[in-house]
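Data block below; observations after.
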Amino acid sequence: MEYTNYLSKLKTDCKVTKSEWTDSLKRLLIHLSPICPHISEELWQKLGHKNSIHLQLNPTYEESLIEKSSFILIVQVNGKLRDQVELEKNISLEQIKKYVYDSEKIKKHIDNKEIIKEIYIENKLINLVVR
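Going by the numbering used here, the first residue of the sequence shown is number 6, and it counts up by one from there.
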């Protein structure tokens with residue numbers, strides 16, 4: 006729905022050429038065809054295509070171009086999973102440590118214990134070795 010509203014706004018503001026408009030409609034119909042097969046087929050024919058919309062190739066994407074802005078940090082104490090948290094990728098190690106040491110789930114495992122070592126694997130895991 007957002008895409009159709011966006012296309013309509015571009016059309017009314019005259020910010021799109023006729024060929025761009027037609028190409029956008031084709032892409033929209035191809036995306037809609039599995040969900041709304043009858044109406045998308047009808048509109049496809051109205052755009053002047055003789056063959057079925059269902060014979061068109063599905064759109065593809067490159068996995069390498071998709072970059073997530075967050076990651077799941079595994080928090081371990083002595084190698085045992087104690088917490089998982091979703092954090093932004095650009096967070097600093099100091100901020101991660103602050104979160105870990107302030108977390109109630111972690112506090113109960115490290116209170117009154119000596120932290121011997123902190124093992125951090127970037128954007129994946131932090132392991133606190135305690136005694």
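We put the beta carbon where it would ideally sit given N, CA and C, even for glycine.
For Gln89, the enclosing beta strand (DSSP E) begins and ends at 85 to 93. The DSSP-derived three-state label of Asn132 is strand. In the three-state reduction of the DSSP assignment, Val80 falls in the strand class, which pools E and B. In this structure Ile40 is exposed. Its beta-carbon is surrounded by fewer than 16 other beta-carbon atoms within 10 angstroms. Tyr125 is bridged by DSSP to Ile131.
Under the three-state reduction of DSSP, Ser69 is assigned to helix. Closest option to Ser57, judged by alpha-carbon separation, among Lys20, Glu46, Ile111, Asn63: Glu46.
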